[in-house]
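Encoded as structure tokens, the structure appears first; notes follow it.
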Ligand SMILES: C[S@@+](CC[C@H](N)C(=O)[O-])C[C@H]1O[C@@H](n2cnc3c(N)ncnc32)[C@H](O)[C@@H]1O
Ligand code: SF4
């Protein structure tokens, strides 16, 4: 089923590692931006679906920092989506939040308007590291908001954590996960920190490589984290994502399994029946109401995308599907060897990457492409 993504490109302050499209001028832009969003949602039926209301089962309010957007605007956006799509009863509605912009009243409001999943950017529970990466909150605030969210009745709470921060060790990282898990967090996204072009972190890194851990140290923490989750009730269902069964992100799973999704807002992407659309990355162009790009994927692109995404998550790669597009992956020169060495696992009509090799997935994927 179709999923809906809404990009809310506002942040109180830019974290030094982040290259996501977001701006700090919310006061100036919020009303104007939300009005354009509402219009874009309204027009989408005609633009993509010949005037028909499509059925959806996920809504993802991402950013930026959606939790700094006025509550009345969050409600307007959700109402517009509900008016223009059929929202299935068994839905997942997520909002991305920063710990410093949440409080009990906001949480209650989110619950009231139907939001049933929180994705909280905790990043780390080490206050020194939080300062280094320019976060606005403390570890105590992060713990408090998770507690409050549970009190308000949120069952489905996900937390983002960064691997590779300067003061991290595998021991203290796993302790942080235990603290959050004991508070009732059911889903963890653990990303290895990337030094992105044009970020403050890039400047700092160029002056001092020790601002973050090196790759070997980070991979070691990632592997130990995966071992830790493996021994608990959590399942690694994608390279960076771990969840208790039933708490996997339905919305993100659509990206990894090639399902259709529609994205609203600046820089948002859509993927509808083999066509990828991308919205402009600045306010003025977005307000003009045009997609900046529309790309009909070629067979080769669909094959490559299916392999890349399938080996990143537990959905795997569908062999007959690739055959139907003209690529017999089982005839690839490295396939037999990888299968014998148990690097990839063939089961029924599918082939999966052995989770022990998730850390080096890129090397393997490249070899199995056509
Ligand atoms: C779009 S951000 C939104 C979440 C929210 N604004 C926050 O920061 O708490 C989604 C997540 O991407 C991750 N992320 C952003 N930049 C990253 C980078 N350079 N390397 C690894 N992960 C990154 C962070 O963990 C962040 O929580
Ligand atoms: S990590 Fe989140 S809060 Fe920080 S700049 Fe990126 S989107 Fe904004």
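Numbering (the numbering used here), first residue to last: 1 to 370.
Each residue gets a CB set at the ideal place from its N, CA and C atoms; glycine is no exception.
Exercise. Do you know offhand how far residue 362's Cα is from residue 220's?
Worked result: To locate residue 362, count along the chain shown from 1; it is residue 362. To locate residue 220, count along the chain shown from 1; it is residue 220. Each residue's Cα considered, the two are about 17 Å apart.
Exercise. From what residue to what residue does the alpha helix (DSSP H) around residue 306 run?
Worked result: Within the chain shown, numbered from 1, the residue matching residue 306 stands at position 306. 299-310 is the span of the alpha helix (DSSP H), which, as asked, contains residue 306.
Exercise. Would the beta-carbon of residue 138 fall within 8 Å of that of residue 173?
Worked result: On the chain shown, position 138 is the one that residue 138 refers to. On the chain shown, position 173 is the one that residue 173 refers to. No, these two residues do not count as a Cβ contact at 8 Å.
For this session: Could you give the DSSP three-state label for residue 333: helix, strand or coil?
Result: Your numbering for residue 333 matches position 333 in the chain shown. In the three-state scheme derived from DSSP, where H, G and I count as helix and E and B as strand, residue 333 is classed as coil.
For this session: Run the CB neighbour count on residue 208, radius 10 Å, all protein chains shown included, and call it buried at 16 or more, exposed below.
Result: Along the chain shown, one-based indexing puts residue 208 at 208. The residue in question, residue 208, is exposed, as its Cβ has fewer than 16 Cβ neighbours within 10 Å.
Exercise. Which residues bound the alpha helix (DSSP H) around residue 161?
Worked result: Within the chain shown, residue 161 is the residue found at index 161, counting from 1. Taken as a continuous stretch (DSSP letters only), residue 161 belongs to no alpha helix (DSSP H), being part of the beta strand (DSSP E) at 156-163.
Exercise. Roughly how many angstroms lie between the CA atoms of residue 364 and residue 114, to the nearest whole one?
Worked result: In the chain shown, the residue the question calls residue 364 occupies position 364. In the chain shown, the residue the question calls residue 114 occupies position 114. One C-alpha to the other measures close to 41 Å.
For this session: Take residue 348 and list the residues in its own chain whose beta-carbon comes closer than 8 Å to its own, dropping the five residues that flank it on each side.
Result: Working through the chain shown from its first residue, we reach residue 348 at position 348. Once the five neighbours on either side are set aside, residue 348 has no close Cβ partner at all.
Exercise. For residue 350 versus residue 326, is the C-beta spacing smaller than 8 Å?
Worked result: Start at 1 with the first residue of the chain shown, and residue 350 comes out as number 350. Start at 1 with the first residue of the chain shown, and residue 326 comes out as number 326. Inclusion of residue 350 and residue 326 in the CB contact set at 8 Å is not warranted, their separation being larger than that value.
For this session: Return yes when at least one heavy atom of ligand 2 lies under 7 Å from the C-beta of residue 22, else no.
Result: Residue mapping note: residue 22 aligns to position 22 of the chain shown, counting from 1. Residue 22: yes, Cβ under 7 Å from ligand 2.
For this session: Say yes only if the C-beta of residue 19 is nearer than 7 Å to one or more non-hydrogen atoms of ligand 1, and no if none qualify.
Result: Sequence index remark: in the chain shown, residue 19 carries index 19 (1-based). A distance criterion of 7 Å places the beta-carbon of residue 19 in contact range of ligand 1, judged by its closest non-hydrogen atom.
Exercise. Closer than 7 Å: is that where the CB of residue 14 sits relative to any heavy atom of ligand 2?
Worked result: As a position in the chain shown, residue 14 is number 14, starting the count at 1. Answer for residue 14: yes, Cβ within range of ligand 2.
Problem set entry | Inter-residue spacing [alpha-carbon to alpha-carbon] between residue 268 and residue 309 | Along the chain shown, one-based indexing puts residue 268 at 268. Along the chain shown, one-based indexing puts residue 309 at 309. Cα to Cα, residue 268 sits roughly 19 Å from residue 309.
Problem set entry | For residue 36 and residue 171, the rounded distance between their alpha carbons | Numbered from its first residue, the chain shown carries residue 171 at position 171. Numbered from its first residue, the chain shown carries residue 36 at position 36. Distance between the alpha carbons of residue 171 and residue 36: 47 Å.
Problem set entry | Cβ-based neighbour list, residue 243, same chain, cut-off 7 Å, excluding 5 preceding and 5 following | As a position in the chain shown, residue 243 is number 243, starting the count at 1. Hits under 7 Å: 186, 187, 234, 235, 237.
Problem set entry | 7 Å Cβ shell around residue 247 - same chain, five flanking residues per side excluded | Stepping through the chain shown from its first residue, residue 247 is reached at position 247. These residues qualify, in order along the chain: 156, 186, 187.
Exercise. Would a C-beta distance cut-off of 8 Å place residue 249 and residue 241 closer than the cut-off?
Worked result: If you number the chain shown from 1, residue 249 lands on position 249. If you number the chain shown from 1, residue 241 lands on position 241. Yes, these two residues count as a Cβ contact at 8 Å.
For this session: Would you kindly work out how many angstroms separate the C-alpha atoms of residue 79 and residue 86, rounded to a whole number?
Result: Locating residue 79 in the chain shown gives position 79, counting from the first residue. Locating residue 86 in the chain shown gives position 86, counting from the first residue. About 11 Å.
For this session: Express the C-alpha separation of residue 255 and residue 322 in angstroms, rounding to a whole number.
Result: By 1-based counting over the chain shown, the position of residue 322 is 322. By 1-based counting over the chain shown, the position of residue 255 is 255. The alpha-carbon atoms of residue 322 and residue 255 are separated by roughly 18 Å.
Exercise. What residues in its chain sit with their C-beta under 7 Å from that of residue 287, if we drop five residues either side in the sequence?
Worked result: For the purposes of this step, residue 287 is identified with residue 287 of the chain shown, where counting begins at 1. Answer for residue 287: 36, listed in chain order.
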